[in-house]
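Number of protein chains: 2
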Amino acid sequence: MADESSPGKARLIADIMGAQKRLQDLIAEDRADPLFSSHLTLSQLKILMLLARHGSVSGSELAGMLGIGAATLTGMIDRLVVQDLVARAEDPHDRRVRRIALTRAGRDLIGSIFNAGEARMRTLLSRLSAEELDLIAQATTLIIKAAESSEA
Amino acid sequence: MADESSPGKARLIADIMGAQKRLQDLIAEDRADPLFSSHLTLSQLKILMLLARHGSVSGSELAGMLGIGAATLTGMIDRLVVQDLVARAEDPHDRRVRRIALTRAGRDLIGSIFNAGEARMRTLLSRLSAEELDLIAQATTLIIKAAESSEA
DNA sequence: ACTGATAGTTTGCCTGACGCGAACAAATGG
DNA sequence: CCATTTGTTCGCGTCAGGCAAACTATCAGT
């Protein structure tokens with residue numbers, strides 16, 4: 001399909017992707033635990049993710065992102081408020097709008113799902129030597145730089 | 001809290017974890033897309049994940065894993081069969097049991113959610129040089145070895 | 001000050017996914 | 001031949017989401 005440059009690169013990339021996939025499978029179990037024990041709905045999770053990304057949004061904005069009506073959103077937010085995952089606050093510039101944002105518990109929950117496997121990875125790294133960690137740190141730095149240059 | 005060995009290790013680990021978290025945030029968007037557009041329920045996702053892990057299981061086994069009754073499971077599997085995500089097959093050893101397994105489409109869906117960001121990572125790696133890729137390949141090999149030794 | 005538009009809530013109503021127990025058919029294994 | 005196990009069907013209930021319509025409060029323009 002594609003070996004534009006050197007032939008060794010394709011093999012290296014394949015090796016790296018295989019390893020990455022194995023790591024994903026490992027932390028998938030950690031991710032599933034808080035997700036399934038939270039008794040959240042996928043729609044509710046979507047709301048929490050949107051709030052985690054955008055911070056504080058108005059109801060109409062959120063309804064627009066979700067593609068649902070304002071009436072439906074009211075009920076969904078109500079249920080999340082009862083669970084203390086989001087909170088409504090008055091907008092200082094417009095007293096009609098009620099800004100919706102994550103509570104501390106909501107942020108923690110989303111964090112525990114998204115950054116799953118953090119504990120596992122940490123104990124895993126702690127078993128390696130300083131030299132090995134240095135190598136890994138260089139590698140991650142390379143990846144992050146490449147990611148940032150492509151996002152910009 | 002913990003700096004048992006050399007002080008440099010703690011800093012290296014912190015750097016690596018920070019980079020890892022940034023990468024997780026990036027592929028989170030890729031993961032959310034197939035998840036939310038699939039119109040799955042969290043319970044349905046749980047079933048698909050269990051089937052992906054265990055391969056083919058009987059109804060009673062699956063109901064036991066989920067903590068629900070057999071009657072409930074029948075309906076849930078029915079809905080997944082309609083979506084062509086799982087299929088029922090006869091067990092050659094016991095004609096009472098109908099073994100439940102993922103279909104090709106079900107495997108693809110789970111794969112697209114679990115191995116999210118694969119395409120993004122691949123194009124990202126393709127921009128790096130062979131030397132940089134070699135470094136990353138060494139790093140991932142180290143991590144995988146550490147993970148395997150801890151799992152064993 | 002009036003008036004039209006906008007934000008959010010409430011109400012009533014519907015659909016679909018899950019959950020159960022009970023009853024049942026089919027197959028197993030004594 | 002009979003108790004057990006597996007899975008399905010049936011009837012029933014609950015809850016999350018979805019809408020339209022009516023309503024209140026507020027804003028913004030004239």
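Heads up: the protein sequence lines correspond to chains A and B, in order. Per this note's numbering, the very first residue in the first sequence carries number 1; after that it's consecutive. Per this note's numbering, the very first residue in the second sequence carries number 1; after that it's consecutive. Think of the CB as a built atom: it goes at the ideal place given N, C-alpha and C, for glycine as much as any other residue. Being a predicted model, the structure only gives us computed values, none of them experimental.
Quick one: list the residues of chain A neighbouring residue i, beta-carbon separation under 9 Å, in chain order.
i: residue 41 of chain B; result: 41 and 42
i: residue 79 of chain B; result: By Cβ distance, chain A contributes nothing, its closest Cβ being about 15 Å from residue 79 of chain B, past 9 Å.
i: residue 26 of chain B; result: 147 and 151
i: residue 61 of chain B; result: Neighbours of residue 61 of chain B on chain A: none; closest Cβ ~18 Å, over 9 Å.
i: residue 72 of chain B; result: The contacting residues do not exist; residue 72 of chain B stays about 16 Å from chain A at best.
List the residues that DSSP assigns as beta-bridge partners of residue i.
i: residue 88 of chain A; result: A:100
i: residue 156 of chain A; result: There is no way to answer for residue 156 of chain A, as the model of chain A reaches only from 1 to 152.
Take residue i and list the residues in its own chain whose beta-carbon comes closer than 8 Å to its own, dropping the five residues that flank it on each side.
i: residue 58 of chain A; result: 91, 97, 98, 99 and 100
i: residue 149 of chain A; result: none
i: residue 55 of chain B; result: 101
i: residue 125 of chain A; result: 133 and 136
i: residue 7 of chain A; result: none
i: residue 53 of chain A; result: none
i: residue 107 of chain A; result: 52
i: residue 128 of chain B; result: 136
i: residue 78 of chain B; result: none
Could you pull out every residue in the same chain whose Cβ sits closer than 7 Å to the Cβ of residue i, ignoring the five residues on either side in sequence?
i: residue 28 of chain B; result: none
i: residue 95 of chain B; result: none
i: residue 151 of chain B; result: none
i: residue 65 of chain B; result: 50
i: residue 171 of chain A; result: Because chain A spans 1 through 152 in this model, residue 171 of chain A falls outside it and cannot be assessed.
i: residue 103 of chain B; result: 84, 85, 86 and 87
Taking C-beta pairs closer than 8 Å, name the residues in chain B that residue i reaches, listed in chain order.
i: residue 144 of chain A; result: 19, 22 and 23
i: residue 122 of chain A; result: 13 and 17
Taking residue i as the query, report the chain A residues whose CB atoms sit under 7 Å from its CB, ordered along the chain.
i: residue 84 of chain B; result: Within 7 Å Cβ-Cβ: nothing; residue 84 of chain B doesn't reach chain A, min ~20 Å.
i: residue 112 of chain B; result: Correct list: empty, because the minimum Cβ distance to chain A is about 12 Å.
i: residue 137 of chain B; result: 12, 15 and 16
Hey, residue i and residue j are a contact pair by Cβ (cut 8 Å); roughly how many whole angstroms apart?
i: residue 147 of chain A; j: residue 49 of chain B; result: That belief does not hold up - the Cβ atoms of residue 147 of chain A and residue 49 of chain B are roughly 27 Å apart, past 8 Å.
i: residue 76 of chain B; j: residue 47 of chain B; result: 7 Å
i: residue 86 of chain B; j: residue 51 of chain B; result: 6 Å
i: residue 130 of chain B; j: residue 9 of chain A; result: 5 Å
i: residue 117 of chain B; j: residue 30 of chain B; result: 4 Å
i: residue 135 of chain A; j: residue 142 of chain B; result: 7 Å
i: residue 42 of chain A; j: residue 109 of chain B; result: The Cβ separation is near 14 Å, so there is no contact.
i: residue 63 of chain A; j: residue 84 of chain A; result: Actually they are not in contact, since the Cβ atoms of residue 63 of chain A and residue 84 of chain A sit about 22 Å apart, beyond 8 Å.
i: residue 21 of chain B; j: residue 115 of chain A; result: 6 Å
i: residue 44 of chain A; j: residue 80 of chain A; result: 6 Å
Whose Cβ in chain B lies nearer than 7 Å to the Cβ of residue i?
i: residue 126 of chain A; result: 13
i: residue 134 of chain A; result: 12
i: residue 49 of chain A; result: 32
Who are the neighbours of residue i on chain B, taking C-beta pairs under 9 Å?
i: residue 55 of chain A; result: None at all; the shortest Cβ gap to chain B is about 15 Å.
i: residue 8 of chain A; result: 130, 133 and 134
Once you ignore the five residues that flank residue i on each side, which residues in its own chain have a CB closer than 6 Å to its CB?
i: residue 89 of chain B; result: 99
i: residue 140 of chain A; result: none
Is residue i near the ligand GTP, with its Cβ less than 7 Å from a heavy atom?
i: residue 23 of chain B; result: Inclusion of the ligand GTP in the displayed structure is not the case, the ligand content being empty and no account of it being possible.
What residues of chain A sit near residue i, judged by a beta carbon separation below 8 Å?
i: residue 150 of chain B; result: 123, 124 and 127
i: residue 89 of chain B; result: Result: empty, since nearest Cβ-Cβ is about 25 Å, beyond 8 Å.
i: residue 103 of chain B; result: In chain order: nothing, as chain A lies at least about 20 Å away.
Any contact of the segment 11-29 of chain A with the segment 102-122 of chain B, i.e. 3+ C-beta pairs under 8 Å?
-> Verdict: yes, contact present.
Examine the Cβ distances between the segment 62-77 of chain B and the segment 28-36 of chain B and report whether three or more of them are shorter than 8 Å.
-> Not touching, per the Cβ criterion.
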